[in-house]
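Residues 0 to 339 (numbering that gives the first Met the number 0) are what the sequence shown spells out, left to right. Notes follow the structure.
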Amino acid sequence: MASLVSSGKQKGLHAVADSRGIIAALAIDQRSALQALFARAMSVAAADVPGENLSQFKEAVSSVLTPHASAILLDPEYGLPAAAHRARSAGLLLAYEQTGYDKKVPGRLPRLLDQWSVPRLVEAGADAVKLLLYYSSSSPAEINEIKYAFVEKVGAECAASDVPFFLELVSYAENMDEKGIEFARIKHKVVADGMREFSKPQYRVDVLKVGMPVNLSFVEGSPSSERAILHSREEAKQYFLSAASCASIPFIYLSEGVSNDTFRFGLELAVEGGVGFSGVLCGRATWKEGVEIFVKQGPHALRDWLGLEGVRNIENVNECLGSAKPWFSASGVPRSGKGG
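Below, the structure written as structure tokens:
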């Protein structure tokens, strides 16, 4: 990142980090994934889940949990009311992409929200802009060239508005189940390749948001280890280190829908391995179980659950960030964050 971070981007990054420069952020920009959780709890089709349910749920999560987070990531479709209910100390990241991808088009190509632009997201209060990209280094060149150009365009738009650009990489491989053992064997390479590629300066990415380089279900000692063990604890730590070495810009981890205990296990591997990650943007590992509470028992019960279990979940994650590396530590940017 050198010392090329503009003053506007510095301001935005300080806003979404804590006083140490660690990004301890809460993610609830899910749309289709959240609809699926609601559909399961309500025993209806995802298309029949009222949008109002999503907005109310996000509002409760924001108001109860953001006092324990440095920032919250929301979507402008259902999340703007929740943004207004966040703690004053919490920064705001807004998602720019449409949820999911068109399954009729090969390559899981990204799409932006039709009625939004980076200036509009900033006007809505965003301290930083997030783009999700499905990425596989083994995809055909013509697919990845489309994605490279797409990210360059969004990076240029963020630079023009002087707002930080967070790129979320969701790793996959064509014709493989991302949760299966076949992909688990190559995940470390796909994650590392993505971190290496999008650290390049032409993308103008400020922070990478990445999955862990191993499927934690296949790691020795994991709370979610129910199947064959692919990696010993020491091997997993080496994969964390080798992927981290591919990034030349700050990066943070996402929870990829795993349980709180499993995500914490992954963070412990990163810490033990001496990985210089700069925090987390953690979503479902914090609030997923609250969906059924909301559906079965209502909004008051949800807030009660969030105040106990949700807070416990987010604090569990925060406890793993003690040795995380400030986003500005290698950038030549002066420390002037929250409370700094």
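All residues carry an ideal CB built from backbone N, CA and C; glycine is no exception.
Could you spell out the range, first to last residue, of the beta strand (DSSP E) harbouring residue i?
| i | result |
| --- | --- |
| Y252 | 250-253 |
| V279 | 278-281 |
| K129 | 127-134 |
| V169 | 164-170 |
| L92 | 90-94 |
Taking the continuous alpha helix (DSSP H) assigned at residue i, which residues delimit it?
| i | result |
| --- | --- |
| V209 | Per DSSP, V209 belongs to no alpha helix (DSSP H); it is in the beta strand (DSSP E), 206-209. |
| I180 | 180-196 |
| L53 | 50-64 |
| L112 | Neither: L112 is in no alpha helix (DSSP H) and is coded neither H nor E. |
| H299 | 298-304 |
| M175 | That residue, M175, is in no alpha helix (DSSP H); it is neither H nor E in DSSP. |
| R87 | Segment: none, R87 is in no alpha helix (DSSP H) and carries neither H nor E. |
| T261 | 259-271 |
| V34 | Position check: residue 34 holds Gln in this sequence, whereas Val was assumed. That run of the alpha helix (DSSP H) goes 31-41. |
| R19 | It is not in any alpha helix (DSSP H) - R19 carries neither H nor E in the DSSP assignment. |
| F327 | Run containing F327: none; DSSP gives neither H nor E here. |
| C245 | Run containing C245: none; DSSP gives neither H nor E here. |
| R311 | 310-317 |
| A148 | 140-160 |
How about residue i and residue j: are their beta carbons less than 7 angstroms apart?
| i | j | result |
| --- | --- | --- |
| G124 | A82 | yes |
| A269 | F276 | yes |
| L342 | G309 | In the structure displayed, the chain extends from 0 to 339; residue 342 sits before or after that span and is not available. |
| P80 | E58 | yes |
| V274 | F239 | yes |
| L215 | G265 | yes |
| A158 | R203 | yes |
| E96 | L130 | yes |
| S160 | V117 | yes |
| G282 | I27 | yes |
| V150 | A70 | no |
| I313 | H84 | no |
| N317 | A284 | no |
| V359 | F250 | This structure gives no information on residue 359, because the portion of the chain shown stretches from 0 to 339. |
| S198 | A246 | yes |
| F293 | F56 | yes |
| D126 | G7 | no |
| G321 | W304 | no |
| V162 | V121 | yes |
Cα-Cα, which of the options is closest to residue i?
| i | options | result |
| --- | --- | --- |
| Y252 | T65, A70, E167 | E167 |
| S244 | R39, S5, M194, Y95 | M194 |
| L53 | L72, W115, S31, I71 | S31 |
| L111 | W304, T98, S5 | T98 |
| F164 | S328, S5, G210, G256 | S5 |
| P212 | P75, P109, D192 | D192 |
| Q296 | S322, M175, A40 | A40 |
| P75 | Q114, V60, V169, A44 | Q114 |
| I228 | S247, E219, Q201 | E219 |
| L3 | R302, H299, I248 | I248 |
| S221 | G256, P105, C319, E267 | E267 |
| A86 | L25, F217, E291 | L25 |
| S340 | A89, A38, V153, I185 | In the structure displayed, the chain extends from 0 to 339; residue 340 sits before or after that span and is not available. |
| L33 | Y147, E144, G256, R302 | G256 |
| S62 | A89, V43, S42, A45 | A89 |
| Y77 | A155, A323, Q201, Q29 | Q29 |
| K188 | Q237, D17, P109, I22 | Q237 |
| A323 | K152, Q9, I22 | I22 |
Based on the DSSP secondary-structure assignment, which residues constitute the bridge partners of residue i?
| i | result |
| --- | --- |
| A381 | Lying before the first or after the last residue shown, residue 381 is absent from the chain, which here runs from 0 to 339. |
| H230 | V218 |
Are the C-beta atoms of residue i and some chain C residue less than 7 angstroms apart?
| i | result |
| --- | --- |
| R203 | Of the protein chains in the structure, only one exists, and it is not chain C. |
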